[in-house]
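Asks: So the mapping is simple: this note's numbering equals the position in the sequence shown, first residue as 1, plus 8. Sending over a structure as structure tokens; questions will come in a sec.
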Amino acid sequence: MQEDDCCAESDPHCPLVLERAEKDKSKNLKSILSQCIKKHCSCTPQKVKSKALGFVPILSWLPRYQLKNWILGDFMSGLIVGILLVPQSIAYSLLASQDPIYGLYTSFFASIIYAILGTSRHISVGIFGVLCLLVGQVVERELALAGYPPESSSSSIVNISSELASDLSTNISATGACDRSCYAITVGATVTFTAGVYQVLMGILQVGFVSVYLSSSLLSGFATGASLTILTSQVKYLLGLKIPRSQGWFTLFKTWVAILSHLGQTNLCDLITSLVCLAVLIPTKEINDRFKSKLKAPIPFELFVVIIATIASHFGHFNSEYGSGVAGDIPTGFMPPQLPLWSLIPNIAVDAFSIAIVGFAITISLSEMFAKKHGYSVDANQEMYAIGFCNILPAFFRCFITSAALTKTLVKESTGCQTQVSGLVSALVLLLVLLVISPLFYSLQKCVLAVIIVVNLRGALRKFMDIPRMWRVNRVDASIWLITMATSALVNTELGLLVGVLVSAFCVLARTQQAHVKELGRASDRELYEDLKEYLNLQKQNGVAVFRYNSPIYYANQSLFKKSLYKSVGLDPVREKAKDLKESKKKLAVEAKNVQNSENGKAATVNLMLEDKAKPKISSLVLDCSGVLFLDTAGVNVLKEVRKDYADVGVSIVLAQCNTSVLDALERGDFFPENQPNKNVFFTIDDAVHFVQKLPVSSGSNEI
């Protein structure tokens with residue numbers, strides 16, 4: 009028995025040795041699995057603390073808050089942003105087709121929740137014009153589908169189904185009637201809730217990286233196109249016209265047609281008020297922008313205009329005497345929470361998804377921009393959670409969609425903001441307004457709110473002046489900007505985002521399709537190889553051709569790579585093999601004919617020799633793979649085909665400067681022969697050239 013064991017120990021093919029190896033392998037696998045399970049599923053106090061601090065960042069930075077150094081800057085920036093948020097929150101409620109009180113609710117809740125969950129120290133989260141426009145379009149569409157009359161209609165109460173009545177039980181009377189405002193805020197809150205759920209799910213699935221696919225040119229074009237739509241939608245308020253909001257595609261044209269057809273119904277009181285407010289706000293905004301480096305804080309001209317306009321409207325009886333539209337009753341305090349309208353979610357699911365993507369993309373881009381500027385980092389997935397809960401939780405309190413806002417973020421940063429304590433201060437300002445001051449805005453004209461929205465579009469509209477510069481810098485990015493902007497403004501806002509993403513993807517594909525194989529030459533005084541067409545005094549290597557391909561090789565450009573390589577080398581091996589086959593058949597035919605007629609053999613032989621003599625010789629190719637970022641299965645297969653085709657005509661191929669991902673793809677794709685100890689892959693081009701020059705010239709080395 010001991011002899012058998014000894015035999016087993018010395019013989020690797022012995023059944024006992026194999027059995028022991030299998031047992032050891034099984035034990036190792038079990039130990040590895042158990043370690044992984046313990047690592048990921050164990051619950052320790054340190055792990056719980058780390059998860060809690062990661063999910064609620066305020067718990068990590070608030071205990072380290074430097075009260076003496078930071079409190080003054082945070083308090084001032086929070087106070088100023090809070091003051092600016094009051095008129096803007098009321099104004100942007102119009103854009104979202106909501107009552108003014110809900111804009112104040114939205115800014116209040118978003119400021120608190122982001123301060124608790126956000127990772128950026130500087131961004132201001134609240135109402136953003138583009139998202140308000142998107143929400144407003146969905147709200148108006150659903151109002152029309154539910155049978156509600158336009159806002160200008162005298163009747164705002166409709167009978168609804170019993171199912172809808174049960175869902176809206178907190179907002180309707182016992183008779184089953186729900187007014188337009190009740191249903192509008194229910195739709196807006198449901199859209200907000202659904203968008204927030206999308207954002208949290210994306211955070212759970214760790215897809216924060218999607219923001220990199222929305223380029224700055226795409227987002228800028230989308231925002232500018234949406235700004236044109238916003239501007240157009242506010243013209244009716246500037247003129248005091250009572251026309252319904254246009255729905256569907258080409259809303260820009262439909263709205264202007266409606267405005268021009270009702271131009272005779274312009275309210276002179278609203279028109280004069282709008283012109284006066286524009287004459288005040290435009291130059292004062294420019295003063296704030298021009299002297300922002302000298303001013304400790306921007307002067308809140310918007311708030312001054314709102315206060316003065318409200319007083320003038322109240323004592324001038326603009327609403328009762330001249331028919332001017334006013335904000336109306338703005339109640340104090342908070343309303344009880346209500347559930348979203350679950351039956352509406354299937355109708356708005358697609359709209360909510362596009363709104364969720366836009367909101368997150370804007371938030372993460374601003375977060376990363378200011379984090380880079382101030383030397384700290386943000387977590388993209390945590391930002392997804394933060395902005396998601398900024399939409400989910402406030403949706404129960406009749407709020408609408410939020411995201412980071414560039415203008416208020418710039419104000420926040422320039423006034424000394426250090427942490428999100430400033431957001432809590434802004435929330436306190438809004439709370440004061442909600443509890444005490446809000447009823448005083450009853451007589452505020454809607455045209456004043458429209459003026460505030462229009463004036464805040466200046467930054468986006470100025471992008472049109474940058475078109476020549478963008479075109480000079482990068483025509484592809486400029487084209488993406490123009491196409492996205494035009495589609496968003498002229499066709500449909502949501503479609504503009506989709507078209508922009510598709511155009512960006514096609515541009516990336518087009519860039520890989522435009523790549524061509526370049527022949528390289530060696531500098532005479534160093535081991536440097538560059539493009540022969542771009543640099544002078546480069547030398548070719550005897551019998552060796554060096555080529556570079558500056559693009560990934562994958563399914564979409566595999567045929568382009570092969571075609572470009574064959575053209576650059578000057579030898580298509582497939583055609584060459586077909587030609588050789590044809591010539592061999594011709595030669596056999598000539599020899600057969602020579603047997604029959606010996607007098608014509610000499611001439612025929614001379615012709616064949618002259619045809620062969622006209623070709624120069626090459627023995628090897630070196631492919632520089634430094635520009636090949638990755639290979640897929642199709643890319644590996646096409647390299648195999650190229651190697652085989654050239655080998656058939658006597659030309660050997662070696663690779664140089666491959667990165668690790670390319671080498672891994674080649675290894676997995678069985679590119680390297682098993683019986684070949686040297687894989688013919690080299691760290692430098694010069695090593696590859698020296699190697700192939702030492703190879704014996706194949707008897708079938710082709711001539712090109």
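Ideal Cβ placement from N, Cα and C applies to all residues, glycine included. The model shown is predicted, which means the values in this text are computed figures rather than measured ones.
1) Apart from the five residues on each side of it in sequence, which residues of its chain come closer than 6 Å, Cβ to Cβ, to N327?
2) How do the stretch 465 to 472 and the stretch 403 to 413 stand: do at least 3 beta-carbon pairs fall below 8 Å, yes or no?
3) Would L125 and V419 be called neighbours here (beta carbons separated by less than 8 Å)?
4) If you check the beta carbons only, do V314 and L87 fall under 8 Å apart?
5) Reducing DSSP to helix, strand and coil, say where I693 ends up.
6) Give the straight-line distance between the Cα atoms of F63 and Y563, rounded to the nearest whole angstrom.
7) Alpha carbons only, please: which of E542, K590 and L629 is nearest the one belonging to G578?
8) Quick test of the definition: if touching needs 3 or more C-beta pairs under 8 Å, does the stretch 136 to 146 touch the stretch 359 to 367?
9) Suppose the cutoff is 6 Å on Cβ atoms and the five residues either side in sequence are ignored; what does the same chain contact list for K454 look like?
10) Using a Cβ cut-off of 8 Å (strictly closer), state whether P157 contacts chain C.
11) What is the DSSP secondary structure of Q547, counted as helix, strand or coil?
12) Which of the three DSSP states is assigned to S496 in this structure?
13) Cα-Cα, which of V509, D678, D656 and L536 is closest to L639?
14) Which residue spans inside the stretch 398 to 479 form an unbroken alpha helix (DSSP H) run of at least 4?
15) With distance defined between alpha-carbon atoms, name the residue in V636, I461 and Y122 nearest to L8.
16) Measure how close the beta-carbons of L236 and L279 come, nearest whole angstrom, since I'm counting them as under 8 Å.
17) Do C398 and Y122 count as a contact pair if the criterion is CB distance below 8 Å?
18) Let me make sure I understand the geometry here. Which of L443, H698, I460 and K585 has the alpha-carbon closest to that of V554?
19) When you compare each of R298, S496, L276 and T198 to P348 by their alpha carbons, which one comes out closest?
20) From the DSSP output, read off the bridge partner residues of R530.
21) S105 lies in the alpha helix (DSSP H); which residues open and close that run?
22) Skipping 5 residues on each side, what residues in its chain have a beta carbon closer than 7 Å to that of V385?
23) Look at the Cβ atom of V650, then the Cβ atom of K570, and state whether they are nearer than 8 Å.
24) Leaving out the 5 sequence neighbours to the left and right, which residues in its chain are closer than 6 Å to S375 when beta-carbon positions are compared?
25) Any heavy atom of the ligand NAP closer than 7 Å to the Cβ of V441?
26) By the 10 Å Cβ neighbour count, where 16 or more other Cβ atoms means buried, how is I547 classified, buried or exposed?
27) Span of the beta strand (DSSP E) holding A664?
28) DSSP has A553 in a bridge; who is on the other side?
29) Check each candidate in M478, V459 and L401 and name the one with the smallest Cα separation from L286.
30) What does the Cβ neighbour count give for S181, buried or exposed, with the cut at 16 atoms within 10 Å?
31) Along the chain, where does the alpha helix (DSSP H) containing K300 start, and where does it finish?
32) Taking the C-alpha atoms as reference points, what is the distance between V552 and Q701?
33) Quick one: residues in its chain with C-beta nearer than 8 Å to the C-beta of G336, no 5 flanking neighbours on either side, listed in chain order?
34) Do you know how far the Cα of S559 is from the Cα of D656?
35) Measure the CB-CB distance between V644 and L674 and report whether it falls below 8 Å.
36) Between the beta-carbon of T202 and the beta-carbon of I353, is there less than 8 Å?
Replies: In short, the structure shows the following:
1) Mapped onto the sequence shown, residue 327 falls at position 319. Counting only Cβ-Cβ distances below 6 Å, and skipping sequence neighbours, we find V334.
2) Contact annotation: the stretch 465 to 472 does not touch the stretch 403 to 413, with fewer than three C-beta pairs closer than 8 Å.
3) Taking the sequence shown and counting its residues from 1, one reaches residue 125 at position 117. Taking the sequence shown and counting its residues from 1, one reaches residue 419 at position 411. Their beta carbons are not under 8 Å apart, which means L125 does not touch V419 by this criterion.
4) In the sequence shown, residue 314 corresponds to position 306, counting from 1. In the sequence shown, residue 87 corresponds to position 79, counting from 1. No, the Cβ-Cβ distance between V314 and L87 is not below 8 Å.
5) Within the sequence shown, residue 693 is the residue found at index 685, counting from 1. It is helical.
6) The residue you call residue 63 lines up with position 55 of the sequence shown. The residue you call residue 563 lines up with position 555 of the sequence shown. Each residue's alpha carbon lies about 41 Å from the other.
7) The residue given as residue 578 occupies position 570 in the sequence shown. Looking from the CA of G578, the closest CA among E542, K590 and L629 belongs to L629.
8) Using a C-beta cut-off of 8 Å, the stretch 136 to 146 makes contact with the stretch 359 to 367, since at least three inter-stretch Cβ pairs fall below that distance.
9) For the purposes of this step, residue 454 is taken as the residue at position 446 of the sequence shown. Cβ within range, chain order: Y245 and G333.
10) Of the chains in the structure shown, none is chain C; there is only one protein chain.
11) Counting from one through the sequence shown, the residue named residue 547 turns up at place 539. Of the three classes helix, strand and coil, the one that applies to Q547 here is strand, per DSSP.
12) Locating residue 496 in the sequence shown gives position 488, where the first residue counts as 1. The three-state reading of DSSP puts S496 in helix, counting H, G and I together.
13) By 1-based counting over the sequence shown, the position of residue 639 is 631. Nearest of V509, D678, D656 and L536 to L639, Cα basis: D678.
14) Runs found: 414 to 422, 429 to 440, 454 to 463 and 466 to 469.
15) With the chain represented from 9 up to 712, any question about residue 8 goes unanswered, as that position is not in the structure.
16) Locating residue 236 in the sequence shown gives position 228, where the first residue counts as 1. Locating residue 279 in the sequence shown gives position 271, where the first residue counts as 1. Not a contact, Cβ separation roughly 21 Å.
17) Residue mapping note: residue 122 aligns to position 114 of the sequence shown, counting from 1. Residue mapping note: residue 398 aligns to position 390 of the sequence shown, counting from 1. By the CB criterion at 8 Å, Y122 and C398 fall inside the cutoff.
18) By one-based count along the sequence shown, residue 554 stands at place 546. Ranking L443, H698, I460 and K585 by CA distance to the CA of V554 puts H698 first.
19) Residue numbering aside, residue 348 sits at position 340 when the sequence shown is read from its first letter. Put simply, of R298, S496, L276 and T198 the residue whose alpha carbon is nearest the alpha carbon of P348 is T198.
20) In the sequence shown, counting from the first residue as 1, residue 530 sits at position 522. Partner(s): Y537 and Q547.
21) Start at 1 with the first residue of the sequence shown, and residue 105 comes out as number 97. Note, S105: premise wrong, no alpha helix (DSSP H); not H, not E.
22) The residue labelled residue 385 in the question sits at position 377 within the sequence shown. It should be noted that the sequence gives Ser, not Val, for residue 385. These residues qualify, in order along the chain: A379.
23) As a working note, residue 650 is residue 642 in the sequence shown. As a working note, residue 570 is residue 562 in the sequence shown. In contact: V650 and K570 (Cβ atoms closer than 8 Å).
24) Residue numbering aside, residue 375 sits at position 367 when the sequence shown is read from its first letter. Correct list, in chain order: S128, I131, V386 and E391.
25) Absence of the ligand NAP is noted for the structure shown, with no ligands found whatsoever.
26) Stepping through the sequence shown from its first residue, residue 547 is reached at position 539. Here the sequence assigns Gln to residue 547, which means Ile is not the residue at that position. Classification of Q547: exposed, given that the 10 Å Cβ count is below 16.
27) The count along the sequence shown starts at 1 and reaches residue 664 at position 656. Here the beta strand (DSSP E) through A664 covers S660 to A664.
28) Numbered from 1 along the sequence shown, position 545 holds the residue referred to as residue 553. DSSP output for A553 lists L629 as bridge partner(s).
29) For the purposes of this step, residue 286 is identified with residue 278 of the sequence shown, where counting begins at 1. Sorting M478, V459 and L401 by C-alpha distance to the C-alpha of L286 places V459 at the top.
30) Taking the first residue of the sequence shown as 1, we reach residue 181 at position 173. Low local confidence applies: a pLDDT of 39 at S181 is under 50, so the model's placement there is unreliable, with the coordinate-based value given in what follows. Exposed.
31) On the sequence shown, residue 300 is found 292 positions in, with the first residue counted as 1. No alpha helix (DSSP H) contains K300, which DSSP labels as neither H nor E.
32) As a first step, residue 552 must be located in the sequence shown, where it is residue number 544. As a first step, residue 701 must be located in the sequence shown, where it is residue number 693. V552 and Q701: Cα-Cα distance of roughly 7 Å.
33) Reading the sequence shown from its first residue, position 328 is the one you call residue 336. Taken in chain order, the residues that qualify are D107, P108 and Y450.
34) For the purposes of this step, residue 656 is identified with residue 648 of the sequence shown, where counting begins at 1. For the purposes of this step, residue 559 is identified with residue 551 of the sequence shown, where counting begins at 1. Rounded to whole angstroms, D656 and S559 show a C-alpha spacing of 27 Å.
35) As a working note, residue 644 is residue 636 in the sequence shown. As a working note, residue 674 is residue 666 in the sequence shown. Their beta carbons are under 8 Å apart, which means V644 touches L674 by this criterion.
36) Reading the sequence shown from its first residue, position 194 is the one you call residue 202. Reading the sequence shown from its first residue, position 345 is the one you call residue 353. Going by C-beta atoms, T202 is nearer than 8 Å to I353.
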